[in-house]
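In my numbering, the protein residues as written are 9 to 276.
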Amino acid sequence: MNKREFFPGWDKKYVSEAKKLNVFYYSARCDEEVQGVLNGFSPKDVIRIYKKIKPCKCGASSPKALETECMGDFEFSIICNKCGRRVIRTMYDFDVKMPDGWIGLCIRDWNNGVDQEEIEAANDAEHERISLKQEDVVWNPLHPNNMADNPLEGYYALLFRKERDGNIFGYKWTIKFQYEEIEPALSSFLINSYILFGKRYMDLDNVFTYPKPIKECEFCEEHETGCVDGVNDYGDFFYAYRSLEEAKEGALARCAWNGLNRDTIMKQ
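Next comes the structure, spelled out in structure tokens:
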């Protein structure tokens, strides 16, 4: 490439014009906001994007556009310098369907006179709609070694969702009873806590279920093709709860962090 040539959209005239716009980029790695910059966009694109933003509904022109990034999480906001109206969109908003889609949605809402309270209400309503409820999850009885003659020691649930590449992501939640100790190494029959464990499964070809508890022998994966482990494999410790219902709610609350909801979980 000739030294005098520039990458598309990075000509000096675009760089100069973008730096005059009321558009800024801020990252946790920066000490201050950088004018005329948006992550992943050329100065020409920055100019095109900012020109789409209309004056505030109060009549004030040239609102401030600010993109913020922190540890890979992005949000885009438009702020009126006169009345203080602000519209914020993040990469986690429920209606973001494409890369950088939150920028276009923020501009659309701003131009249509939408207030931030309306956006937050819509996000809250959608979150409530898709969040897993107890009736959506089957908790199976947990017997050590999956042997029916062993006492009930808790419950487990298996949840799966399909990834974009066709592989399957899964999570196993296990709630194990912890009994009160009468003295060291000697427990009573009184449960004093319900311990939540979680185990994540990546790149599965198929969902799996454990066989029903049996009497004859200990369960292992050779007895049931497709099972990648046994019921005794609890995974990581998360928290000790005071009641069974609290432990179940703790598991459901963490499902959202892993993209497991009413719209994504696979029927088993």
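We put the CB at the ideal spot given by N, CA and C, even for glycine.
Please classify residue i: is it buried, with 16 or more other beta-carbons within 10 angstroms of its beta-carbon, or exposed?
i, result
"THR217", "exposed"
"LEU160", "exposed"
"GLY92", "exposed"
"LYS28", "exposed"
"HIS135", "exposed"
"LEU6", "Given that the chain is displayed from residue 9 to residue 276, the structure contains no residue 6 and the question cannot be resolved."
"ASN214", "exposed"
"PHE82", "buried"
"ARG97", "buried"
"GLY178", "buried"
"PRO192", "exposed"
"VAL146", "exposed"
"PHE49", "buried"
"ALA259", "buried"
"CYS66", "exposed"
"ASN269", "buried"
Measuring alpha carbon to alpha carbon, tell me which residue in the options is nearest residue i.
i, options, result
"ILE57", "SER85, ASP39 and CYS78", "SER85"
"LEU198", "PHE205, ILE190 and ASN266", "ILE190"
"ARG205", "ASN153, ASN240, VAL31 and ALA129", "Per the sequence shown, residue 205 should be read as Phe rather than Arg. When only C-alpha atoms are compared, the closest one is ASN240."
"ASP173", "GLU188, MET210 and ARG137", "MET210"
"PRO149", "VAL236, ILE138, GLY162 and LEU140", "GLY162"
"LYS72", "ASN89, TYR22, CYS66 and LYS62", "ASN89"
"ALA255", "ASN153, LEU212 and GLN186", "GLN186"
"ARG262", "PRO221, ARG208 and LEU212", "ARG208"
Whole angstroms are fine: how far does the CA of residue j sit from the CA of residue i?
i, j, result
"PRO107", "LYS60", "18 angstroms"
"GLU75", "GLU41", "9 angstroms"
"MET79", "ALA248", "30 angstroms"
"TYR33", "GLU77", "8 angstroms"
"GLN276", "ASP144", "12 angstroms"
"PRO292", "HIS151", "Because the chain is modelled from 9 through 276, residue 292 falls outside the range shown and cannot be assessed."
"VAL122", "GLU253", "39 angstroms"
"GLU257", "ALA130", "23 angstroms"
"SER201", "ASN153", "21 angstroms"
"SER251", "ASN175", "35 angstroms"
"ILE87", "LEU212", "45 angstroms"
"CYS64", "VAL45", "22 angstroms"
"ASN119", "ALA26", "21 angstroms"
Determine, using beta carbons only, whether residue i and residue j come nearer to each other than 8 angstroms.
i, j, result
"PHE168", "MET99", "no"
"TRP110", "ASP101", "yes"
"THR182", "GLY243", "yes"
"TYR164", "LYS180", "yes"
"GLY17", "ASP39", "no"
"ILE138", "ASP271", "yes"
"ASP157", "LYS223", "yes"
"CYS95", "ILE127", "For clarity, residue 95 is Val in the given sequence; the question names Cys instead. Yes."
Fully enclosed by the region 48 to 121, which beta strand (DSSP E) runs are 3 residues long or longer?
72 to 78, 81 to 87 and 94 to 98
Just list the alpha helix (DSSP H) runs in the region 110 to 177, keeping only unbroken ones of 4 residues or longer that don't cross its boundaries, in chain order.
Segments of the alpha helix (DSSP H) lying fully in the region 110 to 177: 124 to 138.
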